[in-house]
Each structure stands twice: as structure tokens, then as C-alpha cells.
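Comments concern the structure below.
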Amino acid sequence: MKVIAILSQKGGVGKTTLATCLGVAAEAEGKTVAILDLDPQATASFWSDERAGQHDLDSPVVSSLQAIRLKPVIAAAKKAGTDLVIIDGAAVARDVAHEAASFADFVLIPTKAAVFDTMSMTHTLDVVRQLGKPAAVVLTFASPQGQERADTQQTVGALGAEFCPVTIGNRKAFFRAQSTGLAVQEYEPKGAAAQEIAALYSYTCMRLYGAAKEPTR
Ligand SMILES: Nc1ncnc2c1ncn2[C@@H]1O[C@H](COP(=O)(O)OP(=O)(O)OP(=O)(O)O)[C@@H](O)[C@H]1O
Ligand SMILES: [Mg+2]
Numbered sequence: 000m001k002v003i004a005i006l007s008q009k010g011g012v013g014k015t016t017l018a019t020c021l022g023v024a025a026e027a028e029g030k031t032v033a034i035l036d037l038d039p040q041a042t043a044s045f046w047s048d049e050r051a052g053q054h055d056l057d058s059p060v061v062s063s064l065q066a067i068r069l070k071p072v073i074a075a076a077k078k079a080g081t082d083l084v085i086i087d088g089a090a091v092a093r094d095v096a097h098e099a100a101s102f103a104d105f106v107l108i109p110t111k112a113a114v115f116d117t118m119s120m121t122h123t124l125d126v127v128r129q130l131g132k133p134a135a136v137v138l139t140f141a142s143p144q145g146q147e148r149a150d151t152q153q154t155v156g157a158l159g160a161e162f163c164p165v166t167i168g169n170r171k172a173f174f175r176a177q178s179t180g181l182a183v184q185e186y187e188p189k190g191a192a193a194q195e196i197a198a199l200y201s202y203t204c205m206r207l208y209g210a211a212k213e214p215t216r
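One point on numbering: in numbering that gives the first Met the number 0, the residue at position 101 of the sequence shown is 100, and numbering is uninterrupted.
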């Protein structure tokens, strides 16, 4: 079993969106997935409720919990044969980030391009560095043109962190899918957002398993 933590001190950078979309991507290739929702606002759990109510879909399983319970819940997921745990972090809470990262095989740190987001990202980077965890910063809400990708890559490099080669654009499909309990690749399978998630999932698998894609069990 592998554990990804999606963490950022900054709110609204796409943590929950990436957690749910990556979870659905992993299930599509046969993995069993548990999403652990650490946000007191329980956004991922509400997404799961919409998913069940509107689409009659009961996976991936989303559990809302406090960070202090991560250890027993992750142990139970392992015992139950779960292939992949995705921890959806909460904004602001630094101790939560530390707790979540300590269980992770790989930490994904979404950020918007603005300077303030980059500054708040440094807190999360400190945490993963302290713990010696593999991590990458992924640019989200990117505009189609512009310097922001190159600028963010440079800033991330200057902070000594890894920059994810996949960028997630600012696309309405993410918002629409999320609000109806779907992953974007289910909502608009041939859309650009779906392609971005497929690429991000491949990259994540490479970081977790050392290959572009892990064969299904
Ligand atoms: N790439 C994107 N393009 C456009 N809208 C997006 C994108 N990613 C997420 N959104 C939307 O932006 C809002 C915030 O995203 P999300 O909830 O995933 O962020 P978060 O980092 O989990 O926030 P929080 O810190 O509050 O937990 C949601 O309404 C979501 O649907
Ligand atoms: Mg969230």
C-alpha cells in the first residue's frame, strides 16, 4: 500500500480536487483507494455524498477524520487490502501537515502562481524537508498563456524543491465536476482537464512506484 499526501497551507489551491481526481484515476486502473479527509470543512466527504446521491457511486471511499487518528485509520486501510491512500490536507494547520506527511510515501504540494501562495508553500516544504519525504510542487489554476509556469518553476527551483512537470490549468470543468460529485475525467472524459489529470496520475505513479504506471494487481 502507498500513501500520497496532498498538502498546502494555502486554502483553495486544489488539494481536494486533486485528491478526488487522482483517487478516481487510480480506481479506473483497478486499485482500491481510500481518501482521508482532514479538512474540518469536509469538502471531500461532501463530494463523496454528492457522488453517492447523484450518481449512485460508492467509491473511492472518503473518510473524514482528525489528523490524530491517521495512524490507526491507515493501519486499518492496509489491513483491508487498500492499494492507495490519499490524504487530503487541511489549509493553515501546520501540525496537521506534519502529521500527514509523516505517513506519506510522496507529498504533492499544489500552488497557485501568486507570490503569497509561493510563500505559504515554503511552510509545507519545510515540513517535508524535516521529514525527508519525496515531494513535488504542482502548479494549479494556471492560465493558458503567460509567464507564470516558468516563474513558478524558477521559484520552486530556488527553494530547492522539485517542480512537477504536469501543470493543472484554471478550467471550469474542474469546478463543475467537483460540485456534482464527479472527477473531471468522468465529467468530461475527452477534455483538457482530464488529460492533465491523466498526466498527473502517471507522474504520481512514477514517483510512488518508480515506473510510469503500476500494473493492476
Ligand atoms: N484547476 C482548477 N480550475 C478551476 N477551478 C478549480 C481548479 N481546481 C479546483 N477548482 C475549484 O476551486 C475551488 C477550490 O478547490 P479545492 O476545494 O480543490 O481547493 P482546496 O485546496 O482543497 O481548498 P481548501 O484549502 O479549502 O481545502 C473548488 O470550488 C474547486 O472546484
Ligand atoms: Mg480541500
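Even glycine gets a Cβ: it sits at the ideal position worked out from N, Cα and C.
Exercise. Could you tell me which residues DSSP puts in a beta bridge with Lys-1?
Key: Leu-83
Quiz item: Going along the chain, which residues of its own chain have a beta-carbon closer than 7 Å to the beta-carbon of Arg-175, five neighbours each way excluded?
Solution: Tyr-186
Quiz item: If we call anything under 8 Å between Cβ atoms a contact, is Ala-135 one with Glu-161?
Solution: yes
Exercise. Could you say which of Lys-78, Asp-104, Val-72, Pro-109 lies nearest to Ala-89 if we only look at CA atoms?
Key: Of Lys-78, Asp-104, Val-72, Pro-109, the residue nearest in Cα terms is Pro-109.
Quiz item: Exposed or buried, what is Asp-87 when buried is set at 16 or more other beta-carbons lying within 10 Å of its beta-carbon?
Solution: buried
Practice problem: Using alpha carbons as the reference points, say which of Cys-20, Thr-139, Asp-94, Ile-3 lies closest to Asp-125. | Solution: Asp-94
Practice problem: Determine the closest residue to Val-84 out of Ala-193, Met-118, Leu-21, with distance taken between C-alpha atoms. | Solution: Leu-21
Practice problem: Express the C-alpha separation of Ala-41 and Ala-92 in angstroms, rounding to a whole number. | Solution: For Ala-92 and Ala-41, the distance between alpha carbons rounds to 14 Å.
Practice problem: Would you mind reading off the limits of the alpha helix (DSSP H) that contains Asp-36? | Solution: Taken as a continuous stretch (DSSP letters only), Asp-36 belongs to no alpha helix (DSSP H), being part of the beta strand (DSSP E) at 32–36.
Quiz prompt | Proximity to Thr-166 [Cα-Cα], best of Gly-159, Ala-24, Gln-152 | solution = Gln-152
Self-check item: Any heavy atom of ligand 2 within less than 5 Å of residue CB: hits in chain order
Solution: Lys-14, Thr-15, Asp-38, Thr-42
Self-check item: Length at least 3, wholly inside the segment 146–200: the beta strand (DSSP E) runs in chain order
Solution: Within the segment 146–200, no complete beta strand (DSSP E) run reaches 3 residues.
Quiz item: Contact between the segment 0–14 and the segment 98–109: three or more CB pairs below 8 Å?
Solution: yes
Exercise. Let me know the secondary structure DSSP gives Leu-107 once reduced to three states.
Key: It is a strand residue.
Quiz item: Using the C-alpha atoms, what's the distance from Gly-209 back to Met-0?
Solution: 14 Å
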